[in-house]
Structures are given as structure tokens and as C-alpha cells.
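These notes concern the structure reproduced below.
Protein chains: 2
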Amino acid sequence: MTDVKEPTRHHHGNLKQALLDYAMQAAGEGELESLSLRKASRDLGVSPGAAYRHFADRDSLMRTVAQNGFDMLAERFEGALPFNSDASDEDDARRRFVGLASAYVTFSQEHPSLWRLMFGPYGLSPRSATARPSTYDWLGKSLHELAKFGVIHTPDAPAQFFAWTAIHGLSDLMHSPAVSDRNTSSIVHSHCCFILDAMPPTG
Amino acid sequence: MTDVKEPTRHHHGNLKQALLDYAMQAAGEGELESLSLRKASRDLGVSPGAAYRHFADRDSLMRTVAQNGFDMLAERFEGALPFNSDASDEDDARRRFVGLASAYVTFSQEHPSLWRLMFGPYGLSPRSATARPSTYDWLGKSLHELAKFGVIHTPDAPAQFFAWTAIHGLSDLMHSPAVSDRNTSSIVHSHCCFILDAMPPTG
DNA sequence: CCGCAATGTAAACAATGATTACACTCGAGA
DNA sequence: TCTCGAGTGTAATCATTGTTTACATTGCGG
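If you read the protein sequences in the order shown, they are chains A and C. Sequential numbering of the first sequence, starting at 860, is according to this note's numbering. Sequential numbering of the second sequence, starting at 860, is according to this note's numbering.
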């Protein structure tokens, strides 16, 4: 007489998804690094060995969580700069670029633990999102918009990579408490100006 | 009839330093995250509990290692840009700046595991080096040299922070295998140009 | 209705972080 | 020189974890 769940399969429910959800929540609470399969299984009311039906080992779960993180990030990007839309004018292009950077920084601040995992020991990269387009593609789109309105020169690979590192570095340094707590959005804005100044339209 | 070591104290030797050395070597071999106090003690021929005379817990050792990392980084900076020296002309100032960035990137590539620890879960920052000047100070010095020769405008705090994030982001993304293996030094050089272009002398 | 594959259980092994009560050892002071 | 105590290491122990194995259950497809 266990209660009925819609996509429930077999025995105990959708354990794989439950484990993932559990891990994602742990990530949200900054307890990712100390996440234990045993405690997870315990909290999910399941035996320790059960998890191994769905994940080869702990690292496998962590990798999946990291992938999930990149997909979450992609969602944020889509929110800030819908991929099937275009900037209407120069100001809009700037706004969208700042919005993108802001999404990146905000994400790293809201999910520091997940962030560390994503760029941590598994050698993953922004390109490893399963979602299409991948996180890296948005930046390129935004830069092309800016170039279209003459804000910057047409972004080649080095320029795009440079912009990426600048935003990534900002996020990485701001997600630690070591940085002064000036208004985040003003910092991001200032950084975006620097970035754009670095690739002037004259080429 | 135990053999005599110079700075040996007491009983078994200088265990605290031995543990640190062991951990630093593990860092060099990329096995930092899985470093175990037990294995360390075992390899050092000492009982598991002994380590706790010198480090409150595992994290305490890790924190010390991270500090050590920042000090190592400071040494590299000192090598690339001796703090008690000055750029002789514009080209020299540029060279020194690139050298600094290069040191940063190279360090992150040669010690990825240590790198992750340093900027990892302990919320440390470049300023937390015990060595004086701290790692953050070198960048300021270099930027001031550049300003002195008219390459960039006088660096205010936002500009200095921007330069830091750009270099840090580059290091962080390049220490993972995800990035194309173009010639590192050419990438660094290209990045430095971008950074300097972002803060033009006219203000 | 039966049987098989997917799924979960129970028990066990090896390893780890950490604590505690105890023992040794070296050196400073009587 | 002798003693005594702080500093240091030991042994034993506890709680916890990752992981594997042999076994049970369940539920769907034939």
C-alpha cells in the first residue's frame, strides 16, 4: 500500500533521480564535498548498496552532478540572453552582455560548492554541458551581437577566450568570501566595460 | 643508535615538517584530494594518532598546505619580478608584466591539485600568503610600472582587480585539460595585450 | 501464469578521521 | 647527577565511509 508516484518504476521509486536530487540539494547547501553515499542512501530509506545499481561509484555521481550544474548554468544563460533572439540596438547588446556575465557570477555565488565541483578535479569544461547550445556558445553569440553594432571588433577565438577567462576569473574570485562585498552588480558592470574596452572596434 | 639529523627534536624527528613535506609532495603528484593522514603516518613510519599532535585535524593540514602554496607562488613572482627592482623602460615593464602572468599560469599548470586546494573550499585568497609582500601586491607593482611609462592609466582598485581576475581566470581554465593545447606562452602573451588594452593611458 | 531482468537488501571487507589512555624521551632545573 | 614534566609517539578503539558479494524481491513481458 505504498503511495503511488507517477513515473515510479519497479521497486522503490526512481532511485537514480532521487540520488541526483539529493546531491543537488546538498550542493545547494554547500555540503557537496562531504556528500556520502551512505548518508544519502540512509536519508532516502534505502540500503547502502542500492546506489551502486545506478552509479558505478561515488565519482560517477559527482560527475553527473557537475554535468547537471553546467546544464543549470545554461538555463541561466538562456534566461539572460534567449538564444533565439537578437539584440535590438547597441545598448541592448551591452545589456545582454552584462546580463550574461551577471548570470555567471551570480550562479557561482549562489552555488559555490557546485561551482567548485564543476571546475574542480574532474577536468570538465563549459563545453561539457549536455544541453545544446553549450554554455560556451552564449558568450560567442553575445560578442557577435556587440560586434554587429560596432561596440567591438569581430571576435576571433583569442578574443572570445579572453572574455571568457575574464568573466570566469571574476566569478571564481567572487564566490569566495575573500573579496570585498561591494555591490556585486556594480563590479560586474565595471568588469564588462573593461572587457569590451580590450577589444576595440577598429581592430 | 638512530641516525642523527640536524634540526631533529625530541623523539622521532620533526614530524610536523615531515607531514607537510609529505603533503607537498603529494600535491606535486596530484594526489592531494585523496591524501590520507593514515597513509602519510604509515609512510613516515609513525602511528596514526601521532599526526594529531601537530595538526588539529586533516583540514588543518590542508589549510597549511594551501598557505604553503601561496608562499610558493610568491616565490615565483619574486623570480619573475623581483620586488626590489624596477622596470628600466616600457618594454621592460611589459616583459615583467607578461612574466608575472606567465608565472601564475605556469604554476597552476604544474600544480593543479595544489591550485584547486588554494582556491578551493577554504575560502582563502591571494592575500592569505604568509609571505610579505603578498601575491596580490606584485600585480599592483607591475601595473604601476606600466603606468609610469605611459602604457596604461594609473591603476585604481577596480582596474587592478580586473587584471587579477583576467589572469586568474586564464590560469584556472588552463590548468584543466579541457583547453586546447596551443602554446601556453603565446596565449599568455595575447592575454596580457588584451588586459593592457582594457586600461588605456588616456584614462 | 511464469520467469527473467531490474532493482533493492544484508552482510561483510578495507580504509579513513578522530579520540583516549598510556608510555617513552629529552632536557631544564634542583 | 637525578628527577620530573612537557612534548611527543603508541595502541586500542569508535564511528563512518566506499565498495563488493551473495541473496531476496518485484514487477513486467511472453
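We put the CB at the ideal spot given by N, CA and C, even for glycine.
CB contact check: residue i to chain C, cutoff 8 Å
i: L998/A; result: no
i: A933/A; result: no
i: F1021/A; result: yes
i: G1028/A; result: yes
i: D950/A; result: no
i: S1035/A; result: yes
i: R953/A; result: no
Residue i classed as buried or exposed, judged by whether at least 16 other C-beta atoms fall within 10 angstroms
i: N1042/A; result: exposed
i: G928/A; result: buried
i: T1061/A; result: exposed
i: A960/C; result: buried
i: D1080/A; result: Outside the modelled stretch of chain A, which goes from 860 to 1062, sits residue 1080/A, for which no answer is possible.
i: F942/A; result: exposed
i: S900/C; result: buried
i: E1004/C; result: buried
i: P985/C; result: buried
i: P912/A; result: Going by the sequence as given, residue 912/A is Arg instead of Pro. Flag for R912/A reads exposed.
Rounded distance between the beta-carbons of residue j and residue i, thought under 8 Å
i: G999/A; j: P1014/A; result: 7 Å
i: E892/A; j: P971/C; result: E892/A to P971/C, Cβ: 17 Å. No contact.
i: A877/A; j: L896/A; result: Going by Cβ atoms, the distance from A877/A to L896/A rounds to 13 Å, so no, they are not a contact pair.
i: S1001/A; j: R955/A; result: 6 Å
i: V1010/A; j: A915/A; result: About 48 Å; that fails the 8 Å criterion.
Residue-level contact to chain A via CB, residue i, 8 Å cutoff
i: F966/C; result: no
i: A1025/C; result: yes
i: D918/C; result: no
i: F956/C; result: no
i: A984/C; result: Correcting the residue identity first, residue 984/C is Ser in this sequence and not Ala. Closer than 8 Å: yes.
i: F929/C; result: no
i: P1017/C; result: yes
i: S961/C; result: no
i: D945/C; result: no
i: L1032/C; result: yes
i: L879/C; result: no
Members of the stretch 1039–1060 of chain A that neighbour chain C once the beta carbon cut-off is set at 8 Å
I1046, S1049, H1050, F1053, I1054, D1056, A1057, M1058 and P1059
Three or more C-beta pairs under 8 Å: does that hold for the stretch 1018–1028 of chain C against the stretch 1045–1058 of chain C?
yes
With 9 Å as the C-beta to C-beta threshold (strictly closer), list the residues of the stretch 1002–1014 of chain A near chain C in chain order.
none
Using a Cβ-Cβ cut-off of less than 7 Å, give me the residues of the stretch 885–906 of chain C that come near chain A, in sequence order.
E892
Listed from N- to C-terminal order along the chain, which residues in the stretch 968–982 of chain C have their beta-carbon within a distance smaller than 7 Å of any beta-carbon of chain A?
R975, F978, G979, P980 and G982
Count Cβ pairs between the stretch 908–926 of chain A and the stretch 953–966 of chain A that sit closer than 8 Å; are there 3 or more?
no
On the three-pair Cβ rule with 8 Å, is the stretch 916–934 of chain C touching the stretch 877–891 of chain C?
yes
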